[in-house]
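Since the structure comes first, as structure tokens, the remarks are kept for the end.
In our numbering, the protein residues as written are 5 to 569.
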């Protein structure tokens, strides 16, 4: 029997599995970190719970004895009527199962969007508050009615969305520039941050700059460039856009063309985990060929969606494959999906070879694949499409994925009529940001990933991008915020902030690292519950680890700042 209510859960299962695998190690670390506090709280309240139980036991016994006869009479009076009712069918059981699946799906969606609960509360903040020593539960605005030594109510973490338009007495006004300067100036003067730095802090709810040091000066941004790339792609293509890979059969020639649609997440892995599958495309293509009585084809591949050189100016590199409109698993030579690894020299040929192998398993013989271009006369046999662009952007930002970033730069060029090469992608990004009325003065784009050391961005532009992504007028840009790595939990911040009190789960930021360059840009909820966007850019650093630690310390101080007037 098919339960319609379960279909959304079945469709979302790969994404939920992927999210569960991603957050499980972080949740385990978080549980271990609060265990000592929870143990102390349990030991502290155990005697009180025991005394309370003993005190109320006589009253509970008397109440039970008093109401038992009345309950018995009530049951006796309604039993005949109940017996006359028709027997229920089993529909409720299926409804219950569907409801359970729905709740699981909702939990998966919330997890995928970040550590939030259904009200917009940041779960990590709430759990941290509840786990503090002598904490006594959620604060509902009442004083404790117990003795002075009793546990105090835990402070409620302010909703992080209040700054986007809500109003509440618990959230104060925005921090003052003087107070922020007193906190940030000494930290940014750390010699670990090199000989030059710029910074900006902005109130997300108003877009007003609260603090700035050289905020209009353009420096090398490294991977924080991806914030601009994500914004441009979402603006040009839309958050629901999908990239399609297809097979096309040329009439009369039995030439089968594997046509790349520029999907950087296409995978040949056995478990596609919700991404477009090259194996599935082969399965469907083989079925279509057999229906036509075709068992042998000339196999070609089409990567002509993109133009120009495929090799980034940095040359062959473990951080980036040659940029191609057709590739499987980013040309990686192992089973990884992120991080540095040796890449194949020709991603399109590699994908076509794998595709030929999958066809062979279905009894379809092929020639050795070579480059070609599908004609307008070719018949499309099968297609596979990527998840929506919103998911791809989040993956790019969380993992700082250079391959996805360069693909999105070219896709932005395709969508806006620019040449789909490095220069065209850079031009398209800047044009989209200008169209969004962002402060692009001084900005220079040469790629989409930030690997090019000639890229230039300002702290003013980076914070403006984050504010624009939070604007109610641009919901299509929201993945720019939800994709930012979460301190001590996800992506490139997984191993950072693990010892930073008050920052884990609260700071969300895109990192940037090149030799001598360290940057950090993202959002934070300060001690007063204010949602702030920040950007810190540094140049001429000599020790990357020390520079990262100094930037993390600065963002942590911003989170802990009670800087409102």
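Just so it is clear, CB atoms sit at the ideal spot from N, CA and C, and this is done for glycine as well. This one's a predicted model, so the numbers in the text were calculated from it and none came from an experiment.
So for residue i, helix, strand or coil by DSSP?
i: residue 457; result: coil
i: residue 195; result: helix
i: residue 323; result: coil
i: residue 231; result: helix
i: residue 550; result: helix
i: residue 314; result: coil
i: residue 346; result: coil
i: residue 389; result: strand
i: residue 374; result: strand
i: residue 241; result: helix
i: residue 558; result: helix
i: residue 210; result: coil
i: residue 496; result: helix
i: residue 248; result: strand
i: residue 188; result: helix
i: residue 502; result: coil
Starting from residue i, trace the alpha helix (DSSP H) in both directions and tell me its first and last residue.
i: residue 364; result: 351-365
i: residue 641; result: The structure shown does not extend to residue 641, since the chain spans only 5 to 569, so no value can be given for it.
i: residue 271; result: Note, residue 271: premise wrong, no alpha helix (DSSP H); not H, not E.
i: residue 290; result: 282-295
i: residue 427; result: 426-439
i: residue 483; result: 483-486
Please work out which residues of its chain come closer than 8 Å, Cβ to Cβ, to residue i, disregarding the five sequence neighbours upstream and downstream, and give them in chain order.
i: residue 487; result: 234, 397, 398, 399, 400, 401, 402
i: residue 311; result: 423, 424, 425, 428
i: residue 380; result: none
i: residue 485; result: 470, 473, 474, 512, 527
i: residue 183; result: 565, 567, 568, 569
i: residue 255; result: 381, 382, 383
Who does residue i pair with in a DSSP beta bridge?
i: residue 472; result: Paired residue(s): none; residue 472 is not in a bridge.
i: residue 396; result: Residue 396 is not bridged to any residue.
i: residue 525; result: 514, 539
i: residue 215; result: 205
i: residue 253; result: 260, 383
i: residue 448; result: 460
i: residue 568; result: 179
i: residue 223; result: 461
i: residue 369; result: 300
i: residue 200; result: 543
i: residue 336; result: 347
Could you check where the beta strand (DSSP E) with residue i kicks off and where it finishes?
i: residue 301; result: 300-306
How should residue i be labelled, buried or exposed, when 16 other C-beta atoms within 10 angstroms of its C-beta is the threshold for buried?
i: residue 319; result: exposed
i: residue 317; result: exposed
i: residue 322; result: exposed
i: residue 549; result: exposed
i: residue 560; result: buried
i: residue 337; result: exposed
i: residue 458; result: exposed
i: residue 4; result: There is no way to answer for residue 4, as the model of the chain reaches only from 5 to 569.
i: residue 544; result: exposed
i: residue 516; result: buried
i: residue 224; result: buried
Note down, in chain order, each residue of its chain lying with its Cβ closer than 7 Å to the Cβ of residue i, except the 5 sequence neighbours on either side.
i: residue 407; result: 268, 324, 325, 334
i: residue 309; result: 264, 265, 266, 329, 418, 424
i: residue 346; result: 322, 337
i: residue 507; result: 491, 501, 559, 560, 563
i: residue 181; result: 214, 215
i: residue 478; result: 472
For residue i, which residues in the same chain have their Cβ closer than 6 Å to its Cβ, ignoring the five residues on either side in sequence?
i: residue 301; result: 258, 260, 370
i: residue 432; result: 416, 417, 420, 422
i: residue 489; result: 402, 495, 496, 497
i: residue 356; result: 262, 305, 373
i: residue 573; result: The structure shown does not extend to residue 573, since the chain is modelled only from 5 through 569, so no value can be given for it.
i: residue 250; result: 263, 384, 387
i: residue 554; result: 194, 196, 197
i: residue 71; result: Any reading at residue 71 must be qualified, since the residue scores a pLDDT of 45, below 50, and its modelled position is unreliable; no value is offered.
Could you tell me whether any Cβ in chain D is nearer than 9 Å to the Cβ of residue i?
i: residue 237; result: Among the chains in the structure shown there is no chain D, since it carries only a single protein chain.
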